[in-house]
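Read in order, the letters of the sequence shown correspond to residues 381 to 770 in the numbering used here.
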Amino acid sequence: MNIRNSGKIPEHLKKLFAAALALSIALCAGCNGGGEESAAEPISTAESTTHIPVDESSEASTASTSSGADSSEPSSISSEASETSSVPGISDSNSADSSETVSSVTSEPTSEPDPPPVVVVPTISVPYSPGTLTASGANGSIDYSNTSQGYISVRYTGSNPKVKLQLSCNGRKQPFDIPSDGSTVYIPLILGNGTYNAYLGENVAGTATYLEVVNFDFSVSLDSSLAPYLYPNLYTNYSQNSDCVYKAAELCAGKTSDIEKIAAVFGWITSNVTYDYNLAATVKSGYIPDPNRTYSRRTGICFDYASLLCAMLRSQSIPTRIVDGYASPDIRHAWNEVYTEETGWITPELLLKNAGYNIVDSTFYASSTNKPQIASYISNSVNYTAKYYY
Numbered sequence: 381m382n383i384r385n386s387g388k389i390p391e392h393l394k395k396l397f398a399a400a401l402a403l404s405i406a407l408c409a410g411c412n413g414g415g416e417e418s419a420a421e422p423i424s425t426a427e428s429t430t431h432i433p434v435d436e437s438s439e440a441s442t443a444s445t446s447s448g449a450d451s452s453e454p455s456s457i458s459s460e461a462s463e464t465s466s467v468p469g470i471s472d473s474n475s476a477d478s479s480e481t482v483s484s485v486t487s488e489p490t491s492e493p494d495p496p497p498v499v500v501v502p503t504i505s506v507p508y509s510p511g512t513l514t515a516s517g518a519n520g521s522i523d524y525s526n527t528s529q530g531y532i533s534v535r536y537t538g539s540n541p542k543v544k545l546q547l548s549c550n551g552r553k554q555p556f557d558i559p560s561d562g563s564t565v566y567i568p569l570i571l572g573n574g575t576y577n578a579y580l581g582e583n584v585a586g587t588a589t590y591l592e593v594v595n596f597d598f599s600v601s602l603d604s605s606l607a608p609y610l611y612p613n614l615y616t617n618y619s620q621n622s623d624c625v626y627k628a629a630e631l632c633a634g635k636t637s638d639i640e641k642i643a644a645v646f647g648w649i650t651s652n653v654t655y656d657y658n659l660a661a662t663v664k665s666g667y668i669p670d671p672n673r674t675y676s677r678r679t680g681i682c683f684d685y686a687s688l689l690c691a692m693l694r695s696q697s698i699p700t701r702i703v704d705g706y707a708s709p710d711i712r713h714a715w716n717e718v719y720t721e722e723t724g725w726i727t728p729e730l731l732l733k734n735a736g737y738n739i740v741d742s743t744f745y746a747s748s749t750n751k752p753q754i755a756s757y758i759s760n761s762v763n764y765t766a767k768y769y770y
């Protein structure tokens with residue numbers, strides 16, 4: 381039958397079209413309802429996991445999985461919130477804010493360490509011989525122009541290998557060994573103010589007698605009682621360019637108190653200079669220490685330790701004296717006394733407890749394996765008997 385020509389749709393076709401249309405409408409209605417329900421689930425899940433810690437998000441993860449969402453995303457958000465919540469000023473109210481805040485914190489440049497202090501070698505107080513006031517003999521001379529600064533200079537020009545200077549004042553005497561190489565050496569006026577006698581003599585071979593080269597009296601009025609302990613001299617000879625002076629400046633850079641500076645220098649010497657047992661076994665009377673030699677060799681006897689510490693601290697304008705005498709029970713020894721108006725610890729065990737002079741024994745401290753015990757020994761002045769100061 382030709383449908384087009386008849387203009388009418390047969391009844392069985394009409395019924396077929398109606399059934400197909402009804403099925404189509406039903407299917408479309410089912411798709412729309414399911415879409416709305418499944419869309420609500422991911423929204424609800426995302427909101428809950430923003431505020432739930434990672435270990436409590438199993439329900440949210442289950443809901444996300446059932447809706448086809450990736451369960452790893454909510455877990456990641458929870459983890460960020462938990463990590464940043466302990467940092468003050470960082471909000472964990474939503475994933476976007478947390479992410480931005482974490483990014484700003486982690487991208488902030490880390491603070492750079494402070495640059496090391498600049499090493500500045502201070503101007504050294506250098507003794508000199510102006511020649512204004514002098515006393516001379518056939519083989520030597522003494523310049524006493526700068527007695528107010530706490531020193532005189534001596535020069536021996538003869539050929540005798542053994543020469544001594546003896547200073548006397550206020551009933552006290554102190555000898556000094558003078559080199560016979562023609563050099564000018566500086567001698568501290570450690571006997572205080574008053575009238576001094578200076579006797580420069582050459583040894584008579586095989587005897588204890590010294591023949592006069594120069595012998596005279598002079599008056600001393602010190603600008604400060606500390607003056608003799610602030611300059612280089614025969615027993616602690618250093619200069620502006622000495623390596624030990626630069627090292628002291630390096631150690632003391634950035635430090636403002638004398639206690640800090642003493643601690644730095646004392647700590648370095650006692651950690652880096654070892655005792656020279658061979659020299660101790662062979663040293664002879666008249667030995668003169670050299671702080672530059674000790675610094676270079678990193679070894680020496682007690683006189684060397686004391687000379688090096690003295691040079692380094694005096695270069696920092698800290699009054700320091702070398703002491704020659706005896707340590708208990710009966711040990712010929714050399715050590716230092718440092719002057720400071722402060723008190724404080726220079727090692728964890730050793731305290732400078734006096735405002736004024738304190739005993740500092742770098743030799744004993746460096747050599748001891750029991751630091752608290754030796755610090756207690758050093759702190760007890762009864763253990764030391766001074767004979768001469770330099």
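Virtual Cβ for every residue (Gly too), placed ideally from N, Cα, C. Since we're looking at a predicted model, the values are computed, not measured.
Bridge partners of Ala714 according to DSSP: Asp704. A check of alpha carbon separations from Ser697 across Asn763, Leu591, Ile642 identifies Ile642 as the nearest. The Cβ atoms of Tyr579 and Asn613 do not sit closer than 7 Å to each other. Using a Cβ distance threshold of 7 Å, Gly562 and Thr587 do not count as a contacting pair. Per the C-alpha coordinates, the member of Leu591, Ser560, Arg552 positioned closest to Tyr576 is Arg552. With a threshold of 16 other beta carbon atoms within 10 Å, Ile711 falls short and is exposed. Ala714 places its beta carbon less than 7 Å from that of Cys682. Asp638 counts as buried, since at least 16 other C-beta atoms from the protein chains shown sit within 10 angstroms of its C-beta.
About 4 Å separates the CB atoms of Gly517 and Val593; that is less than 8 Å, so the two are in contact. In the displayed model, Leu730 falls within coil according to three-state DSSP, outside both helix and strand. Within the model, the alpha-carbon separation for Ser533 versus Ile522 is close to 6 Å.
Short of 6 Å from the beta carbon of Asp741, and not among the five residues preceding or following it, lie these beta carbons of its own chain, in chain order: Trp715, Ile758. Taking all protein chains in view, the Cβ of Tyr667 is surrounded by fewer than 16 other Cβ atoms within 10 Å, so the residue is classified as exposed. DSSP places Ser521 in the strand class (E or B) of the three-state scheme. For Gly551, there is no enclosing alpha helix (DSSP H), since its DSSP letter is neither H nor E. Residue pairing by DSSP places Phe683 in no beta bridge whatsoever. Between Glu717 and Ala735, the C-beta spacing is not below 7 Å. In this chain, the alpha helix (DSSP H) harbouring Ile649 covers 638-652.
Ser695 and Glu640 have their C-alpha atoms some 15 Å from each other. The beta carbon of Ser622 lies closer than 6 Å to those of Asn672 in the same chain, with the five residues before and after it left out. Within the model, the alpha-carbon separation for Pro555 versus Asp670 is close to 19 Å. The residue from Thr527, Asp557, Ile754, Ser528 with its alpha-carbon nearest to that of Arg535 is Asp557. Here DSSP, grouped into helix, strand and coil, assigns Asp561 to coil.
Minimum Cα-Cα distance from Thr650 among the listed residues Ser601, Thr700, Ser748 corresponds to Ser748.
Contact between Ile739 and Ser761 holds: their C-beta atoms lie close to 6 Å from each other, under 8 Å. If you draw a 10 Å sphere on the C-beta of Lys664, you find fewer than 16 other C-beta atoms in it, and that means exposed.
Judged by DSSP in its simplified three-state form, Leu602 adopts coil rather than helix or strand. Residue state for Ile668 is assigned as coil, using DSSP reduced to three classes. Assignment of Thr587 by DSSP, reduced to helix, strand and coil, places it in the coil class. Inclusion of Ala766 and Val703 in the CB contact set at 7 Å is warranted, their separation being smaller than that value. Taking C-beta separations shorter than 8 Å and ignoring five residues to either side along the sequence, the partners of Thr723 in its chain run Ile639, Leu731, Leu732, Lys733, Asn734, Ala735, following chain order. Distances from the alpha-carbon of Trp648 to those of Arg678, Asp656, Gln529 put Arg678 closest.
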